[in-house]
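Asks: Numbering (my numbering), first residue to last: -8 to 85.
From the three backbone atoms N, C-alpha and C, an ideal C-beta is built for every residue, glycine too.
Computed from a predicted model, the values in this text were never measured in an experiment.
1) Cα-Cα, which of 0, 71, -8, 58 is closest to residue 14?
2) On a Cα-Cα basis, can you pick out the residue from 4, 51, 50 that is closest to residue 29?
3) Using C-beta distances below 7 Å, list every residue in its chain close to residue 16, excluding the 5 sequence neighbours before and after it, in chain order.
4) Is the beta carbon of residue -4 sitting closer than 8 Å to the one on residue 26?
5) How would you label residue 61, buried or exposed, when you count the other beta carbons within 10 angstroms and need 16 or more for buried?
6) Indicate the three-state DSSP secondary structure (helix, strand or coil) for residue 10 in the structure shown.
7) Could you tell me which whole alpha helix (DSSP H) segments of length 4 or greater appear in the stretch 31 to 55?
8) Is the beta carbon of residue 12 closer than 8 Å to that of residue 53?
Quick look at the structure:
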């Protein structure tokens, strides 16, 4: 029975290594391996929360970058519109 419990824990760590932060080890009882499984589950939950926060942070940064690109395009268009008539005026003034 200990071997089967250890295999469950090893399987859980293999899932974690593959990036599966949602995997939970189900091991009822109050023995050491059940407590280890519970700590594993708590750790994977914290990792999932951290991953979600990081993804949200990256999404917000991408949105900010997109707004800056749009602002740069608008500024370039305005500069072009201002410089075009100014160039005509300078050419005619000469």
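Replies: Reading off the structure:
1) It is 0.
2) With distances taken between Cα atoms, residue 29 lies closest to 4.
3) Setting aside the 5 residues that flank it on each side, residue 16 is surrounded in the same chain by -1, 0, 3, 28, 31, 32, each with a C-beta closer than 7 Å to its C-beta; the list follows chain order.
4) It is not a contact, given that the beta carbons lie outside the stated cut-off.
5) Around the beta carbon of residue 61, fewer than 16 other beta carbons lie within 10 angstroms, which makes this residue exposed.
6) Secondary structure of residue 10 (DSSP, three-state): coil.
7) Qualifying alpha helix (DSSP H) stretches: none in this window.
8) Result no, Cβ atoms of residue 53 and residue 12 do not sit closer than 8 Å.
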